[in-house]
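Undergrad: The structure's right below; bear with me while I get my questions together.
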Amino acid sequence: MSELSRGPGRVLVAVYAIFTLAAGARSGYQLATEFDRAPVAYLLSALAAVIYLLATAALWTSRRGIALAAIGIELAGVLGVGLYSVLDGEAFPEPTVWSDFGAGYGYVPLVLPVLGLLWLRRSSREPVSPER
Amino acid sequence: MVGWLAGTLIALSLVGAVWFLVLAARDKPIQAVHLLSMAVLEAGLLIQVIVAAVLLAGGHEAQEQGTFIGYLAGSLVVLPVGAFLAVGERSKWGSVAAGVACLTVPVVILRMQDLWSGTGV
């Protein structure tokens, strides 16, 4: 079985690491200073940061099961929060990384888990990546 | 923040991103010269951080000061992470990873500029 961080997986690790940083820095500050203002949104941001961190680490260390779980939750999160924020904007007075399907981040949060799942499937089918 | 410095860094990082992605399209891994250019860009970002820190210490108030400082610190982390990932992957995919890191730099700088001048959301 090929390593999840080789080949195209390397690009995924890079993007996941960047999103871990973006979501983590943002939510850490929000939770520390203004938690009372929008606890749901800030907790979701923190959850997103943890999921991104988990996905980054799982891809890097080739832990397929954890990667699948993290990326699955991520996809469910961006779809769920995205839909909810579009239908009921009042529920999210402060934007999270997943609000409006990640529009604030160029929809990368929506595309990323799809690419992640495709990569998990492809890398399990092809033991040796042909791109290398 | 200094407008022309931020503008220069944005332009340089975009040039770097195009360079690395063209490299990837030609199926090549990054070489020493690419790492060197990333180091130069990183030095520029470090200068920007120092300038911003001095201006903040001098009394400038950015919108959401804490978030701004977070972006400021984050702007220094992106390229080293990209370079590290690219060095470990000697294929075109490493070049793509480096290109993605370079593409992130303008985004971070633009967000910082919004917060700095208080025009952001």
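Protein chains in written order, with my numbering: chain A, 1 to 132; chain B, 1001 to 1121. Idealized CB from N, CA, C, for every residue including glycine.
Quick one: grab the DSSP three-state call for Tyr107 of chain A.
TA: Residue numbering aside, residue 107 of chain A sits at position 107 when the first sequence is read from its first letter. In the structure shown, Tyr107 of chain A sits in coil (DSSP, three-state: anything other than H, G, I, E or B).
Undergrad: Which of helix, strand or coil does DSSP assign to Leu1072 of chain B?
TA: Taking the second sequence and counting its residues from 1, the one referred to as residue 1072 of chain B is at position 72. Reduced to three states, the DSSP call for Leu1072 of chain B is helix.
Undergrad: For the candidate residues B:Ala1032, B:Trp1004, B:Asp1114, B:Met1038, whose alpha-carbon lies nearest to that of Leu1072 of chain B?
TA: The residue given as residue 1072 of chain B occupies position 72 in the second sequence. Of the candidates B:Ala1032, B:Trp1004, B:Asp1114, B:Met1038, the one whose C-alpha sits nearest the C-alpha of Leu1072 of chain B is B:Asp1114.
Undergrad: Do Gly1082 of chain B and Ala1097 of chain B count as a contact pair if the criterion is CB distance below 9 Å?
TA: Against the second sequence, residue 1097 of chain B aligns to sequence position 97. Against the second sequence, residue 1082 of chain B aligns to sequence position 82. Cβ distance < 9 Å, so Ala1097 of chain B and Gly1082 of chain B count as in contact.
Undergrad: In this structure, how does DSSP classify Gln1113 of chain B when only helix, strand and coil are distinguished?
TA: For the purposes of this step, residue 1113 of chain B is taken as residue 113 along the second sequence, with counting starting at 1. Here Gln1113 of chain B sits in helix by DSSP.
Undergrad: Look at the alpha carbon of Arg10 of chain A and the alpha carbon of Val114 of chain A, and state the distance between them as a whole number of angstroms.
TA: Here the question's residue 10 of chain A lines up with position 10 in the first sequence. Here the question's residue 114 of chain A lines up with position 114 in the first sequence. Approximately 16 Å between the Cα atoms of the pair.
Undergrad: Whole-angstrom Cβ separation of Val13 of chain A and Leu1085 of chain B, contact assumed at under 8 Å?
TA: The residue you call residue 13 of chain A lines up with position 13 of the first sequence. The residue you call residue 1085 of chain B lines up with position 85 of the second sequence. With 8 Å as the limit, Val13 of chain A and Leu1085 of chain B qualify as a contact, their Cβ atoms being about 6 Å apart.
Undergrad: Who are the near neighbours of Gly19 of chain A in its chain, counting only those whose CB is closer than 6 Å to its CB and skipping five residues on each side?
TA: As a position in the first sequence, residue 19 of chain A is number 19, starting the count at 1. The question names Gly, but residue 19 of chain A is Phe in the sequence shown. Counting only Cβ-Cβ distances below 6 Å, and skipping sequence neighbours, we find Tyr52.
Undergrad: Check Ile1047 of chain B in the structure and name its three-state DSSP category.
TA: Within the second sequence, residue 1047 of chain B is the residue found at index 47, counting from 1. Three-state DSSP puts Ile1047 of chain B in a helix.
Undergrad: In or out: Val1121 of chain B buried (at least 16 other Cβ within 10 Å) or exposed?
TA: If you number the second sequence from 1, residue 1121 of chain B lands on position 121. Its pLDDT being 44, under 50, Val1121 of chain B is placed unreliably in this model, and the value from its coordinates should be taken loosely. By the 10 Å Cβ count, Val1121 of chain B comes out exposed.
Undergrad: Counting C-beta neighbours from all protein chains within 10 Å, is the total for Trp1004 of chain B 16 or more, i.e. buried, or is it exposed?
TA: The count along the second sequence starts at 1 and reaches residue 1004 of chain B at position 4. With fewer than 16 Cβ atoms within 10 Å of its Cβ, Trp1004 of chain B is classed as exposed.
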